[in-house]
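Protein sequences, first through last, are from chains Z and H.
Offset between the first sequence (1-based) and the working numbering: plus 659.
Offset between the second sequence (1-based) and the working numbering: plus 659.
By construction, the Cβ of each residue, glycine as well, lies at the ideal position given by its N, Cα and C atoms.
Since the model is a prediction, treat every value here as computed from it, not as a measurement.
Some notes on the structure that comes next.
2 protein chains.
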Amino acid sequence: MTGKPKLIEPRTLKGFRDYPPALMIPREEVLQTARSVYRAHGFAPMDTPALEYAEILTGKGGEESDRLIYRFRDQGDRDVALRFDLTVPFARFAALHIPKLGTPFKRYAMGPVWRGENTSHGRYREFWQCDFDTIGTTANAADIEVALVIHELLVTLGLERFEIRINNRLILNGLLEEAGLVHQSVAVLRALDKLPKVGMEAVLEEMAGHGIPPQTARLVLEWASAKGETDEILDRLARAFPTNQTLNEGIRRLRELFLVVNTCGLPMERFRLDLAIARGLDYYTGTIYETFLLDLVGIGSICSGGRYDNLAGVFTQQKLPGVGASLGVDRLLTALEELDQVGKKETPAQILVTQFDSGSLGHYYRIASLLRKDGFSVEVFPEARKIGQQLQYAEKKGHRLAVIAGPEELSVGGWKLKNLFKRTECQFGEGELAQAAKRELDS
Amino acid sequence: MTGKPKLIEPRTLKGFRDYPPALMIPREEVLQTARSVYRAHGFAPMDTPALEYAEILTGKGGEESDRLIYRFRDQGDRDVALRFDLTVPFARFAALHIPKLGTPFKRYAMGPVWRGENTSHGRYREFWQCDFDTIGTTANAADIEVALVIHELLVTLGLERFEIRINNRLILNGLLEEAGLVHQSVAVLRALDKLPKVGMEAVLEEMAGHGIPPQTARLVLEWASAKGETDEILDRLARAFPTNQTLNEGIRRLRELFLVVNTCGLPMERFRLDLAIARGLDYYTGTIYETFLLDLVGIGSICSGGRYDNLAGVFTQQKLPGVGASLGVDRLLTALEELDQVGKKETPAQILVTQFDSGSLGHYYRIASLLRKDGFSVEVFPEARKIGQQLQYAEKKGHRLAVIAGPEELSVGGWKLKNLFKRTECQFGEGELAQAAKRELDS
């Protein structure tokens, strides 16, 4: 370079954001928790490329998602696009690999997806999805497990006050059969989805707009908004429609789910039958799940999913039924922040080893490595700045303890351990330091 | 949809690949190990978007990387591009955020990058990078830590026979000063980089092509290829050029590094001085690292990096020196596979709980959940297929144990535990099952 080159403005694209450590640490914790819970239940990791042939992604999404897709011509003049969700690439993957991998196939996938959406509602154009599914079986066991996994996931994330709302599309379909509305099911279910937001009358009005008479619509809506104990509602339904096979298969599957939850000794109040949830799209055909935080119901469902009949019909003749759910990582992080459950840390390190003079660096690195062997995350300050400056750094970043050793301490093999929250300190021999640190961190 | 829609062929783009579980499980293990080692040393996670303004990415990369970049116009007619490495977006990030975050700033970043490269050498157009850096300090402590982190990383990955080759650009620069070749440093270092591949004579010839006389070039080359003990080589160098400040600062920093490695009690043979490594590019200005597996030297360095003077000069006046390294995830995975250190598993689950009849599902899920509390990863087979079929599934996927309970076992509260490798089985009460599983997995 000659002369003074002009600087390039260091900016990000509209709708995109950087993740500095304070945002990234909680995000990694959530992803790590999801990963460990999914793995503990035998879901295997898989991934697909960010870029696909555009026709793969546009095949199923409809016009709305087409407009949102980042689509372009690559160097080889191929018509390519960035994935806008993890489901469509998974369908393509399933068509390609499941013949060899076999079924049941249990997978999880986590990764960024891209949508050129309107950013006015705090939406981002790049965000993470975090899905798990069991493919290739219609067994209710797989449906039941989805509810158990969602429960375990939220508990492991430290949440207690939540409820998983569960329904089965077969019950809604049975009611539509009884009401003679099968051919208008999309209109009915779309309207039904709005019930909690707009209320019964507005929903009836919307249905009337589709030519559905109120007395017919009421049959579906009144059952959908039934309140009471799970068993009692299901008993009433079964008595009301004893011969409707669709509806009774839905009841059977739901009963089995709640029975297993009970046998496993899980808190029943976190699993709630909600005949009103329909999850708009045509896609789902069986059990449906939504998950709400009781202290932040307004934020919407943070983990949703359901059973579908045919994952990859666009790509293969092989019928691949499945069931799964998706954790809304960004929504969950927003919620955790509002619930004040996110620590304000800029470092994963718990302990800062301060430095008095670079001649003793070996000792500082040695003690750090000893502490790491006991499972601590330990940072060594790289410069022999004034000790006050080093402690200031630790307080800004969020270290909880500092290890301090000047020439005096080093000469007697001692290490000062300072608790940066309580502002107390004590001196320990090398052999006692880890245990002392553990005591301070637990206290 | 009406009629029978035409199927879309489920294919991936040239140069892109799916990661089914058998590929993804080892990849996640490597990333997870890197993450835990980086965190244990106080490096904090951060991320930047996949998409940036094209000018951000093309600013520094030169013509070659420009041709490789996936670049297009987005919906808002912005000139955008996919990141081709993690360093350039990090430089942009640093210019934008470091004024507020402060220094030293220790970070790691892991994620996919995209390059429209020629795929003929088994190269992929989407691959992962996994970098760590300390920014905002010139202290040698940060350089030393990079070597310690690389060592810890490889040991934690289960590797033993490797060496980290270390050099310092200041020594090469000092030699160039002595030889009067400072203004031809790029040509000399590029040629030097090829020394191990093509030999001394070919390198001299290349340099002669740039007008560098062989007797001058020899001064640099002979020192660069010096063999012997680290201390002995550095002593000889110091005696030969006692007044060259650049060179002696390089020697001082290297001596300090090897001293700390020794104080920490690490195996010295894994840290080797190699005055020949120059790492082609202009970018590096101080310590340089390359890491070779002794049983697979030919595969190239699996973890490389170095110190640089000015990370973000394209974006800011603030001078940001730093030091870091990058783990070559794909190269490492290839190596682990060749060394037969990758398990052939398609599931993260260790134990499969088989199913006799769906009426007992609650008990199967309950026992699975008990085993998970003891840290096992446990899958419940979703269908009550023939037991032989379920065990076949477990053997294909790579579960190590199966838990079996038919009506007889359930009636006495017993669980059969089958070791799928040894093909032995034994019956246990519920309270003994976890311990028995641990014994079998350890054996």
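By the Cβ neighbour-count rule, D890/Z is exposed, with fewer than 16 other Cβ atoms within 10 Å of its own. Across the stretch 1034 to 1047 of chain H, CB contacts with chain Z closer than 9 angstroms involve G1034, F1035, S1036, V1037, E1038, V1039, F1040, P1041, E1042 and A1043, in sequence order along the chain. In the same chain as T717/Z, and ignoring 5 residues on each side of it, the C-beta atoms closer than 6 angstroms to its own belong to D725, in chain order. Secondary structure of A1064/Z (DSSP, three-state): coil. The beta strand (DSSP E) runs of length 3 or more contained entirely in the stretch 934 to 966 of chain H are, from start to end of the chain, 943 to 952. Excluding residues up to 5 positions away in sequence, I910 lie with their Cβ nearer than 6 angstroms to the Cβ of A897/H in the same chain. At least one CB of chain H lies nearer than 8 angstroms to the CB of Y678/Z.
Between K665/Z and V973/H, the alpha-carbon positions lie close to 8 angstroms from each other. Residue contact with chain Z for R737/H: present (Cβ-Cβ distance below 8 angstroms to some residue of chain Z).
Straight-line measurement puts the Cα of R1044/Z at about 41 angstroms from the Cα of R990/Z.
Residue state for T1013/Z is assigned as coil, using DSSP reduced to three classes. One Cα belongs to T793/Z, the other to L878/Z, and the distance between them is close to 34 angstroms.
If you look at K1004/Z, you'll find it isn't in any beta strand (DSSP E); DSSP assigns it neither H nor E. Per DSSP, the unbroken alpha helix (DSSP H) holding P873/H starts and ends at P873 to A883. If one requires a minimum length of 3 residues, the beta strand (DSSP E) runs lying completely within the stretch 698 to 736 of chain H are 710 to 712 and 730 to 732, in chain order. Here V805/Z is not near Y712/Z, since their CB atoms are 8 angstroms or more apart.
The shortest CA-to-CA distance from R929/Z to any of L1076/Z, I809/Z and F731/Z is the one to I809/Z. Taking C-beta atoms under 8 angstroms as the contact rule, F791/H and A1096/H fail to qualify, at a distance of about 37 angstroms. The three-state secondary structure of D999/H, taken from DSSP, is coil. Exclusion of the five residues before and after A709/H leaves L741 and R742 as the residues of its chain whose Cβ lies within less than 7 angstroms of its Cβ. Counting of Cβ neighbours within 10 angstroms places V982/H among the buried residues, the total reaching 16 or more. G964/H has its alpha-carbon roughly 17 angstroms from the corresponding atom of I958/H. Cβ contact annotation for I936/Z (same chain, cutoff 7 angstroms, sequence separation greater than five): R824, N826, I947 and E949, in chain order.
Taking 7 angstroms as the cut-off between beta carbons, none of the residues of the stretch 1082 to 1095 of chain Z comes near chain H. V696/H sits in a helix when the DSSP states are folded into three classes. Closest in C-alpha terms to E1099/H, from the list R730/H, F917/H, R1059/H and E776/H, comes R1059/H.
Going by C-alpha positions, G701/Z is about 8 angstroms away from L1011/H.
Residues of the stretch 703 to 719 of chain H with a C-beta atom less than 8 angstroms from some C-beta of chain Z are A703, P704, M705, D706, T707, P708, A709, L710, E711, Y712, E714, I715 and G718, listed in chain order. Partner residues in the beta bridge of V982/Z, as assigned by DSSP, are T793/Z and R966/Z. For Q1051/H, no beta strand (DSSP E) segment is defined; the enclosing uninterrupted segment is the alpha helix (DSSP H) at I1046 to K1056. Taking 8 angstroms as the Cβ-Cβ cut-off, the stretch 972 to 993 of chain Z approaches chain H at V973, F974, T975 and Q976, given in chain order.
Among the residues of chain Z, those whose CB is under 8 angstroms from the CB of V919/H are L1020, G1021 and Y1024, following chain order. One finds A798, N799, A800 and E915 in chain Z with Cβ atoms closer than 9 angstroms to the Cβ of S1017/H, taken in chain order. A Cβ-Cβ distance of about 6 angstroms is found for the pair L998/H and D954/H, placing them in contact under the 8 angstroms criterion. Beyond the five residues adjoining it in sequence on each side, L835/H comes within less than 7 angstroms, by CB distance, of V841, S844, V847 and V879 in the same chain, given in chain order. A check of alpha carbon separations from E1038/H across V689/Z, A699/Z and I667/Z identifies A699/Z as the nearest.
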